[in-house]
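Let me begin by presenting the structure, written as structure tokens, before commenting on it.
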Amino acid sequence: MSGFSADWLDLRAPADAAARDKGLLEQVAALTPRRILDLGCGTGAMLATLRPYLASGTAWVLVDGDADLLGEAECRANGLRREDPGLAVTCLHRNLVDDPLPLDGARPDLVTATALFDLVSAGWLDQFLDALAAQRLPLYAALSYDGEMRWEPAHPRDATITAAFNRHQRSEKGFGGPALGPDAPQAMRAGLEARGYRVFTAATPWQIGADQAALLSALIDGIAGAVPEGDSWRAVRQQETRFGYVGHQDVLALPA
Ligand SMILES: C[S@@+](CC[C@H](N)C(=O)[O-])C[C@H]1O[C@@H](n2cnc3c(N)ncnc32)[C@H](O)[C@@H]1O
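Going by the working numbering, the first residue of the sequence shown is number 141, and it counts up by one from there.
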């Protein structure tokens, strides 16, 4: 178990889908990848999102450290195979910290990840980007948190809570050092450009209205629960909030 439940990933999936930058998705499709490695796949949201953009018969390797999520990803991939019988999906139960990245052998021609890079440490990112650049592989990394949150109606404690939540996001998440948290988009851009990549980014915030009340409520609970001073803010937010904005960035990096 990783702390990310399939229920939470399903709850956020529509907001993720709406937020992803469609121009970058088209750019990814134009690369015509045939073998894709998705890191921290969860239940397989990247596969489900990208598949309609790609030729049939694409081969995917889905990697996650959570066996339950990976089992669910495998189930969902089997469902997709009914629509696209040529689709090949291999699920690998790997810890991205301890196990080598499966970049050799049947070499991928695209590496992807969603909502992963804000969890990783600066040291892990450096090593990962070295491995990526050594093979001149493109990277499509969607939905890294960028530290910005806004709410309607505004509350005087919003800024304090955002600052506390961002401190929490920078705490260790199992990648051998403090997580990049809200610094992930900028750290990725800098690290990729330093290795000669052309980097395209897009702001891809969640914009959650009252029609997504369950997500809004779970998000408020999650934020309040992560910060020591969250309880009174949670009470007000759960009663009053009609709109929430959570900033993310999508990154597409192409080897020069
Ligand atoms: C925020 S979830 C995103 C899941 C999925 N990409 C999505 O968008 O629905 C982060 C994922 O990274 C995985 N993860 C976190 N740390 C990991 C590690 N050290 N090794 C492998 N997977 C890890 C978690 O199990 C989880 O599935």
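Built from N, CA and C at the ideal position, the CB exists for glycine as well.
Quick caveat: nothing in here was measured; it's all calculated off a predicted structure.
Return the Cβ separation of residue i and residue j in integer angstroms, given the expectation that the two are a contact with Cβ distance under 8 Å.
| i | j | result |
| --- | --- | --- |
| residue 400 | residue 227 | Any property of residue 400 remains undetermined from this structure, which presents the chain solely from 141 to 396. |
| residue 157 | residue 352 | With a Cβ gap of about 12 Å, residue 157 and residue 352 do not count as contacting. |
| residue 183 | residue 216 | 6 Å |
| residue 265 | residue 331 | 6 Å |
| residue 250 | residue 231 | Actually they are not in contact, since the Cβ atoms of residue 250 and residue 231 sit about 18 Å apart, beyond 8 Å. |
| residue 393 | residue 240 | About 21 Å; that fails the 8 Å criterion. |
| residue 273 | residue 338 | Going by Cβ atoms, the distance from residue 273 to residue 338 rounds to 13 Å, so no, they are not a contact pair. |
| residue 387 | residue 321 | Not confirmed; about 12 Å, so no contact. |
| residue 354 | residue 151 | 6 Å |
| residue 163 | residue 342 | 7 Å |
Could you check which residue in the options has the C-alpha nearest to that of residue i?
| i | options | result |
| --- | --- | --- |
| residue 161 | 350, 346, 351, 201 | 346 |
| residue 369 | 308, 396, 266 | 308 |
| residue 270 | 313, 153, 328 | 328 |
| residue 340 | 176, 355, 395, 290 | 395 |
| residue 144 | 207, 177, 344 | 207 |
| residue 147 | 381, 174, 167, 185 | 185 |
| residue 275 | 243, 342, 312 | 243 |
| residue 233 | 363, 213, 387 | 213 |
| residue 179 | 236, 167, 378, 323 | 236 |
| residue 174 | 300, 247, 380 | 247 |
| residue 177 | 187, 365, 357 | 187 |
| residue 153 | 310, 362, 348 | 348 |
| residue 291 | 359, 224, 311, 367 | 359 |
| residue 391 | 313, 333, 229, 181 | 333 |
| residue 367 | 379, 350, 310 | 310 |
| residue 350 | 229, 378, 289 | 378 |
| residue 149 | 225, 268, 181, 229 | 181 |
| residue 383 | 170, 313, 356 | 356 |
| residue 361 | 301, 323, 171, 312 | 301 |
Buried or exposed: which applies to residue i, given that a residue is buried once 16 or more other Cβ atoms fall within 10 Å of its Cβ?
| i | result |
| --- | --- |
| residue 280 | buried |
| residue 372 | exposed |
| residue 284 | buried |
| residue 389 | buried |
| residue 385 | exposed |
| residue 141 | Interpretation of residue 141 is limited by its pLDDT of 48, a score under 50 that renders its predicted location unreliable; the figure taken from the coordinates is listed afterwards. Burial call: exposed. |
| residue 252 | buried |
| residue 222 | exposed |
| residue 282 | buried |
| residue 381 | buried |
| residue 325 | buried |
| residue 344 | buried |
| residue 375 | exposed |
| residue 238 | exposed |
| residue 159 | buried |
| residue 299 | exposed |
query = Between the stretch 292-312 and the stretch 192-205, do three or more beta carbon pairs fall short of 8 Å?
reply = no
query = Do the stretch 285-296 and the stretch 172-191 meet, that is, are 3 or more Cβ pairs less than 8 Å apart?
reply = no
ask   = Would you say the stretch 258-269 touches the stretch 310-328, given that touching needs at least three Cβ pairs under 8 Å?
value = yes
request  = Enumerate, from N- to C-terminal direction, the unbroken alpha helix (DSSP H) stretches of 4 or more residues contained entirely within the stretch 306-369.
outcome  = 324-334, 353-366
key: Those runs of the alpha helix (DSSP H) which lie wholly inside the stretch 180-247 and span at least 4 residues   = 185-190, 207-223
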